[in-house]
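Chemist: Chains as they are written, first to last, in our numbering: chain A, 4 to 498; chain B, 460 to 1407; chain C, -18 to 53. By construction, the Cβ of each residue, glycine as well, lies at the ideal position given by its N, Cα and C atoms.
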Amino acid sequence: MSTRVYVPADAAARALGADSVAEAIANLDLDIDIVRTGSRGLYWLETLVEMDSDQGRLGFGPVPAAAVPFLFEAGLPDADHELCLGLVSDIPELAVQERHTTARCGVIDPLSLDEYRRYGGFQGLEKARQLRPQDIVEQIQQSGLRGRGGGAFPTGIKWQTVLNAEADRKYVVCNADEGDSGTFIDRLIMESDPMMLIEGMCIAALAVGADTGYIYIRSGYPQAIATMRRALELATTAGYLEDLQLEVREAAGVYICGEETALLESLEGKRGMVRYRPPLPALEGLFGQPTLVNNVLSLAAVPAILADGADQYAAMGQERSRGTLTVQLAGNVKRGGLYEVPFGTSLRELVDSLGGGTLSGRPVRAVQAGGPLGAYIPPALFDTPLDYEAFKAIDAMLGHGGLVVFDDQIDLGEMARFAMSFCAEESCGKCTPCRIGSVRGVEVIDRIRAGEQAEDNRILLKDLCDTMIDGSLCALGGMAPYPVLSIMKHFPEEL
Amino acid sequence: MGNYYRVGSEQDYGTPAVDNKELVSLSIDGQTVSVPAGTSVMRAAAINGRRIPKLCANEDLSAFGSCRMCLVEIEGRKGYPASCTTLVEEGMVVNTQTEQLAKLRRNIIELYISDHPLDCLTCAANGDCELQDVAGAVGLREVRYGYEGANHLDAAKDETAPYFSFDASKCIVCSRCVRACEEQQGTFALTVEGRGFESVIAASQGDDFIDSECVSCGACVKACPTATLTEKSVIEKGQPDRAVITTCAYCGVGCSFRAEVRGNELVRMVPNRDGQANHGHSCVKGRFAFGYATHPDRIAQPMIRESIADEWQPVDWDTAINYAAQRLQSIQKQYGRKAIGGVTSSRCTNEEVYLVQKFIRAACGNNNVDTCARVCHSPTGYGLKTTMGESAGTQTFDSVMQADTIVVIGANPTEAHPVFASQMKRRLRQGANLIVIDPRQIALVDGPHVKADHHLQLRPGTNVAVINALAHTIITEQLEDTAFIAARCEDEAYQTWREFISQDSQSPETLEAVTGVPAAEVRAAARLYAKAGNGAIYYGLGVTEHSQGSTMVMGIANLAMATGNLGRPGVGVNPLRGQNNVQGSCDMGSFPHELPGYRHLSDQGTRQLFEQHWQVELDPEPGYRIPNMFDAAIEGEFKGIYIQGEDMAQSDPDTQHVHAALAAMECVIVQDLFLNETAKFAHVFLPGPSFLEKDGTFTNAERRISRVRQVMPPLSGMGEWEITAALASAMGYPMSYDHPQHIMEEIAALTPTFSGVSYKRLDELGSIQWPCNDLQPDGTPFMHVDEFVRGKGYFVPTPYVASDERSNARYPLLLTTGRILSQYNVGAQTRRTDNMHYHDEDRIEIHPSDAEVRGIRHGDWVGLKSRAGETVLRADVTERVLPGVVYTTFHHPESGANVVTTENSDWATNCPEYKVTAVQAYPVREPSNRQKQFRAEDDKQRELLPTS
Amino acid sequence: MTVRSDKLLHMAEQITANMAYTDDQSVVAAKVADHLNRFWDPRMKAALRELHSEGSEQMSPALEEAIGLIHD
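1. Can you tell me whether DSSP reads R7 of chain A as helix, strand or coil?
2. Given this structure, state the Cα-to-Cα distance separating Q100 of chain A from E343 of chain A, to the nearest angstrom.
3. Applying a beta-carbon distance threshold of less than 8 Å, which residues of chain B neighbour P495 of chain A?
4. Classify R654 of chain B: buried if its beta carbon has 16 or more other beta carbons within 10 angstroms, exposed otherwise.
5. Taking only the alpha-carbon atoms, compute the straight-line gap between R527 of chain B and E601 of chain B and give it to the nearest angstrom.
6. May I have a chain-ordered list of the alpha helix (DSSP H) segments no shorter than 4 residues that lie completely inside the region 367 to 454 of chain A?
7. Name the residue from B:T1114, B:G1095, B:F716 and B:V743 whose alpha carbon lies nearest to the alpha carbon of Q735 of chain B.
8. Output needed for E971 of chain B: all residues of its chain with C-beta closer than 7 Å, excluding positions within five of it in sequence on either side, in chain order.
9. Is P773 of chain B close to chain C, meaning its C-beta is less than 7 Å from at least one C-beta of that chain?
10. May I have the straight-line CA-CA distance separating R565 of chain B from N809 of chain B, to the nearest angstrom?
11. Going by the DSSP bridge assignment, what does S715 of chain B pair with across the sheet?
12. Taking the beta carbon of A453 of chain A as the centre, do at least 16 other beta carbons fall within 10 Å, making it buried, or is it exposed?
13. Kindly indicate the opening and closing residues of the alpha helix (DSSP H) around I1202 of chain B.
14. Output yes or no for whether 7 Å exceeds the beta carbon distance between A648 of chain B and C683 of chain B.
15. How would you call R438 of chain A, buried or exposed, if buried means at least 16 neighbouring beta carbons within 10 angstroms?
16. Quick one: is Y279 of chain A near chain B, going by C-beta distance under 7 Å?
17. Just to make sure I have the definition right: I need the residues of chain B whose C-beta is within less than 7 Å of the C-beta of R30 of chain C. Which are they?
18. Would you mind working out which of B:M883, B:I1227 and B:A759 sits nearest P1405 of chain B, comparing C-alpha positions?
19. Which of the residues in the region 640 to 668 of chain B, read from start to end, lie with their CB under 9 Å from any CB of chain A?
20. What beta strand (DSSP E) runs, 3 residues minimum, are completely inside the region 1013 to 1062 of chain B?
21. Using a Cβ-Cβ cutoff of 8 Å, what residues of the region 439 to 469 of chain A are near chain B? List them in chain order.
22. Report the three-state DSSP secondary structure of A304 of chain A (helix, strand or coil).
23. Under 8 Å: do the region 1086 to 1097 of chain B and the region 839 to 846 of chain B share three or more Cβ pairs, one atom per stretch?
24. Please check the pair G1099 of chain B and R796 of chain B, which I expect to be a contact at CB under 8 Å, by giving their CB distance rounded to whole angstroms.
25. Quick check: the region 886 to 896 of chain B against the region 1282 to 1297 of chain B, are at least 3 beta-carbon pairs closer than 8 Å?
26. Under 7 Å, Cβ to Cβ, is there at least one residue of chain C near W776 of chain B?
27. Could you name each continuous alpha helix (DSSP H) segment of 4 residues or more that falls completely within the region 103 to 155 of chain A, going from the start of the chain to the end?
28. So which residues of chain C does S1006 of chain B contact, with C-beta pairs closer than 8 Å?
29. Mind listing the chain B neighbours of D22 of chain A? Cutoff is C-beta to C-beta under 7 Å, in chain order.
30. So, is F1393 of chain B buried or exposed, given that buried needs 16 or more other C-beta atoms within 10 angstroms?
31. Would you list, in sequence order, the uninterrupted alpha helix (DSSP H) runs of no fewer than 4 residues that lie entirely inside the region 750 to 830 of chain B?
32. Provide the residue span of the alpha helix (DSSP H) that contains Q66 of chain C, from first to last.
33. Hey, could you find the ends of the alpha helix (DSSP H) G50 of chain A is sitting in?
34. For A156 of chain A, is the classification buried or exposed, using 16 other Cβ atoms within 10 angstroms of its Cβ as the cut-off for buried?
35. Specify whether the region 30 to 43 of chain A and the region 94 to 113 of chain A touch according to this definition: at least 3 beta carbon pairs, one from each stretch, less than 8 Å apart.
36. Please classify P282 of chain A: does DSSP put it in a helix, a strand, or coil?
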């Protein structure tokens, strides 16, 4: 039997040369069976080539294509090879992780139903099929799962609302319009373990009584779109989608369509404009029907909760933040990538220990958590644990789990300006605080930075931030001030 | 009555009223209030006197939540919910005025003003600007952002629309215009282009308004809270200082308007939200096309002349009235009592129409009175009276919102009844089914937002065959409502009809050869209507103006009775009336055979009632109808006519015949706004007032009686009714009324269906749908609820009889006629407004294949020849018409569409067969001799006018 | 026959044709007569009767029967 060699094929690994690596290996005259996996998200090690061994998977990396002949100089490499990282599961940054949602990522061929099943796939769905809808919803409620898109709303309550709504037709919608800076987990899951998302949606549809679902994927993710479509075909052929009409939709290409009501407008074929709430999408969503809108991560967590039981999931984490968070470490950081860790892990552990500090080697100046609308957190607050409430207490948010690291050369005044200009760029234009406020925000910051009546303008900027926070229709205008305010508070010399 | 003469804008509670019996109690600023469940917090507060600042909210539109001015605090809720989008809940505690809210609102308005011109003093909306009002209300004192930042102050103005201007520099992007275009009008012409700060309002794909899909209904202009969309009349004249609630004088929808006036000058017409027919919506005619009322062509002084070749002599009213009376009397002396007659106008008020028929019957002593409804909806009167017992539509317009399947037959609502069409389209967008029966592809058939489930594109003149095929399907497929038929209809008549309609000769398959409509399509449509739940039929002149107009009306009634689609909301038989008061002019006894309230002259009791009240003896036999009058005139036995506001010389068919008849008369009295075509044959011209100069009532297509209120004094010094009364008095039959309301009192006293109607009740209720009497003191929204007016419904067999007007080798095409949105009837009014920008000539629509074989290209001059005459129009080559069919409008006198129409008419009522004329079409180089002559004659007539 | 009587006859025949959904001529004639009595000016009825008595024009049997039923 030929030896299986695993080469990642997610978009990030490919960007780092994984395809050339695979091609180079294929060109070798060796009895090798190349399996293209997704990615484990250890991006500082990509291209991470893995190989079966008696002890488990041996890892080699990073392997540039040019190094392939060297790697296979003596036939199949062993643990003594210069590039060997040892057993992949022993790589310290991976070993400390609690991989539940991402357990199969980088391990299996994403489009192999057999492998998916072999690694526990569809067990959750099978269990769910034995349960009444209300029982499924209760499992989700007991797990303590909260919306991973950023809102952190208890997922079980949302499901319960849709389940309770009476309607001829209900929808499940997966929000895969991942647009936060520094985030990539939705893409990584769709490219590495698409069946898990399908399974999660099937369970969700069973639970709430939906017969139609959509996966709304960021247009900048062509590979994720293609992988999901192919996975849907395979799952359909295998008979997993007999009760659910599931379809992939390419998103409109604007940040605001990641906001769930704008997403629904876009799905309806309209301009992506935010709707007011209530009515909640759970009651009047897509085409006015009860609609469950969940993020990729929330839905991806569902199969494991059903398969392993809510208690096991709820056992991880702390306080009201249960389970694991898939942190995406990015920016100026030595070991950037995916870290699935239980809630409660401190920011310092992530940035300094796991991430290894800045890539530049200079001192860390700040971390922006939760995407472009998240606060800039100074090192003094790095002991804050990953916990929705703990972050809120320091006027920050975890959001979708993205952490962007900056060293001491960053111009945070410019970053504050960027927050407002990002909001201006991405505003749908419906509500006034966001539509006009964001533009004025840029102008006022410019005046402060130019020293024009800086004190008056600082007061005006604070006023404006309050107006946007209190007055905006959705989270874009309502949160864009947070980075600005965090900089004014923690880095007053910068703005 | 003071309530109807208002100052300032109408009340706006911010979000639409909710019809819900369940009440919810909540606390607003410490005050406990109760409102219907489903009401917004904003509306609840407004109803109870708490005005929450707002910009994007408007009572006409669903809540949007974008301006963020109306934020409130609600105990137990985090943040600041928008009061427009938050619905009341039991026990809710709302604070609308807190220090924090005041600051928030001030800061938001500050953002608005940082991108708004500071030209309030010179702005057209000064004094009528919601932005200004809100800035004042929240106490904005400075704009700390300065005015150097990004802004839209240099945005270009779009002045291309005739009636309003679009000044993007003043736009606050509240989307009220976009939403009004979608929700109220249903045209979707407006959109927001760009995103964020770049968001701008655009017509169609960034076109100029005039080139866009905009239909100038004015909804966006009304919705705009700033000067961005403003009536040009307001820009020119300034803000109005008072408003008068009145009723539109265009189509049979009967929209209620606030006529906003400064002094005696009408500044603008704004649709009245409380209007029960239009609910605050309007169309380009009613909203904007009122300029004819002050057009220089208006005749202000009475005129007389000995012969029609003479110059007109301006005279005072006494002279004119006496001259007219003396000429009529001398005719009667010489040729007999019955040698004169009169025609009432469907554009005049009920009171005025009533008086003219009274004048003919009582003062002239004969029954030669008819109405212009003769040429439009007389078959409706005949057909509905025969089958159901009342000559009127069965529903309210609002009923359409409960219809499941809508059938539109021979009507083009988006052009001819635009405000009702918008309501119908709203229902269609909600998912109601639509069946269109029309030879032409009207806009409803295949629009961007509505589509017909079935378009039965029949050959002109085969309506009855189609309705029979539909009925055949329903009966033979056992889709009829047997319970309804058994309980509500005369059994013997039903059995007779059933036997008739079940025959193979009436099947869709047999009749396909006649109608050209595939049998399967007919069957599918029949099933859709019969199984609808609520099936509602709407029809227009495409039903009535045929040689079998009355048969078709009865066929429609049969279909509705057979399926039980009568007597409740959402169903019914609904004639869409062409002119504002077609229903009323018929109600008022304008037809030669019946007295007001559709009571036949032969009914002795009714006759005696009138004889007692009028103190005259009435002739119990019917008089002449309009076409009979013309025929008799040519015979030399009919010599004098009093014509109230109808241009028969243009609007009646077979123009040459009509002209010959008018020319043969010895005294033609025309009472009109303008020196119209008919006035060219007149000996006396009595200048009548426009609807803006009148008090009275109109009755719309839903039997809704609405008040017309005087906005400005009559140009000629005399009210329409005063002229008729004076003429009667001069004829020796004194009529004395102080005010039109006293005429209505007489009508109510003599007409059982009107006995509860008075101006006082109209003021109280806004409007009243007759019958209104002791049984129905508030009027009757739905007819035939428990039983038909005639007792049991009466099925009438409707054999298809082909029209004499058939295409042949010489006249191979069938001409049918219709209307266009911007013009009204013969165009006397709309041609004297800027509506000419939209439609300045009538064109002939011809199918590409018919055009090609004749060598006719789009825009070419086309000769059109029928048995009656010929004319020339420019070609519109289009697939809206089928091969073999051509189509035109007749809004322009020089087009002469009626030169080619024939004198064929409905068998029962003599309603002309405008909708079918066999013609030939051929390319020509220039307009016809007649048309050139027309211009010359027109100029000559003008020369005969006195030079003032 | 004058233009007008020609027209009257045409109208009367049109009415008759539209009433002719039964083979029973007397039913048709009664309906036609009723219609003429209700809607026609007596002068028009007289002209039609005169035309009938002249006998110069061909008329449908039902109309002939109806003319016998119309009153002055």
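Modeler: Reading off the structure:
1. Taking the first residue of the first sequence as position 1, residue 7 of chain A is located at position 4. DSSP places R7 of chain A in strand when its eight states are reduced to three.
2. Within the first sequence, the letter at position 97 stands for residue 100 of chain A. Within the first sequence, the letter at position 340 stands for residue 343 of chain A. Distance between the alpha carbons of Q100 of chain A and E343 of chain A is about 6 Å.
3. On the first sequence, position 492 is the one that residue 495 of chain A refers to. Simply none; closest approach about 21 Å.
4. Counted from its first residue, the second sequence places residue 654 of chain B at position 195. That one is buried.
5. Here residue 527 of chain B corresponds to residue number 68 of the second sequence, with the count starting at 1. Here residue 601 of chain B corresponds to residue number 142 of the second sequence, with the count starting at 1. The straight-line gap from Cα to Cα measures roughly 19 Å.
6. 391 to 396, 415 to 429, 435 to 438 and 440 to 452
7. Against the second sequence, residue 735 of chain B aligns to sequence position 276. Q735 of chain B has its Cα closest to that of B:F716, out of B:T1114, B:G1095, B:F716 and B:V743.
8. Counting from one through the second sequence, the residue named residue 971 of chain B turns up at place 512. Closer than 7 Å at Cβ, skipping near neighbours: P977 and A978.
9. In the second sequence, the residue the question calls residue 773 of chain B occupies position 314. So no, P773 of chain B is outside the interface.
10. Taking the second sequence and counting its residues from 1, one reaches residue 565 of chain B at position 106. Taking the second sequence and counting its residues from 1, one reaches residue 809 of chain B at position 350. Roughly 53 Å between the two C-alpha positions.
11. Taking the first residue of the second sequence as position 1, residue 715 of chain B is located at position 256. Looking at the DSSP assignment, S715 of chain B forms a beta bridge with B:T706.
12. Working through the first sequence from its first residue, we reach residue 453 of chain A at position 450. Result: exposed.
13. In the second sequence, the residue the question calls residue 1202 of chain B occupies position 743. Its alpha helix (DSSP H) spans residues P1199 to L1209.
14. By one-based count along the second sequence, residue 648 of chain B stands at place 189. By one-based count along the second sequence, residue 683 of chain B stands at place 224. No, the pair does not count as a contact, with Cβ atoms beyond the cut-off.
15. In the first sequence, the residue the question calls residue 438 of chain A occupies position 435. Looking at its Cβ environment, which holds 16 or more other Cβ atoms inside 10 Å, R438 of chain A is buried.
16. For this step, residue 279 of chain A is matched to residue 276 along the first sequence. Taking Cβ atoms only, chain B reaches closer than 7 Å to Y279 of chain A, which makes this a yes.
17. Taking the first residue of the third sequence as 1, we reach residue 30 of chain C at position 49. Under the 7 Å cutoff, chain B gives no residues; its nearest Cβ is about 14 Å from R30 of chain C.
18. Your numbering for residue 1405 of chain B matches position 946 in the second sequence. Checking every option, the nearest Cα to that of P1405 of chain B belongs to B:A759.
19. T650, V651, G653, R654, G655, F656, E657 and S658
20. 1032 to 1034
21. I439, G440, S441, V442, R443, E446, V447, D459, L463, D466, L467 and D469
22. Locating residue 304 of chain A in the first sequence gives position 301, where the first residue counts as 1. Note: A304 of chain A maps to helix in three-state DSSP.
23. With the cut-off at 8 Å, the region 1086 to 1097 of chain B and the region 839 to 846 of chain B do not touch.
24. Counting from one through the second sequence, the residue named residue 1099 of chain B turns up at place 640. Counting from one through the second sequence, the residue named residue 796 of chain B turns up at place 337. Not quite, the Cβ-Cβ distance comes to about 11 Å (not below 8 Å), so this is no contact.
25. In short, these stretches do not touch, since the Cβ pair count stays below three.
26. Locating residue 776 of chain B in the second sequence gives position 317, counting from the first residue. Chain C, which has no Cβ nearer than 7 Å to the Cβ of W776 of chain B, makes this no.
27. 116 to 121, 126 to 133 and 136 to 146
28. Translated into the one-based positions of the second sequence, residue 1006 of chain B becomes position 547. Simply Q(-5).
29. Locating residue 22 of chain A in the first sequence gives position 19, where the first residue counts as 1. Simply none; closest approach about 36 Å.
30. Taking the second sequence and counting its residues from 1, the one referred to as residue 1393 of chain B is at position 934. With 16 or more Cβ atoms within 10 Å of its Cβ, F1393 of chain B is classed as buried.
31. Counting whole runs of 4 or more residues, the region 750 to 830 of chain B contains the alpha helix (DSSP H) stretches 776 to 794 and 809 to 817.
32. Examination of residue 66 of chain C is not possible in this model, given that chain C is present from -18 through 53 alone.
33. Start at 1 with the first residue of the first sequence, and residue 50 of chain A comes out as number 47. The sequence given here places Thr at residue 50 of chain A; Gly does not occur at that position. For T50 of chain A, there is no enclosing alpha helix (DSSP H), since its DSSP letter is neither H nor E.
34. Along the first sequence, one-based indexing puts residue 156 of chain A at 153. Inspection of the sequence shows that residue 156 of chain A is occupied by Phe rather than by Ala. Label assigned to F156 of chain A: exposed.
35. yes
36. Position 279 of the first sequence holds residue 282 of chain A. In the structure shown, P282 of chain A sits in coil (DSSP, three-state: anything other than H, G, I, E or B).
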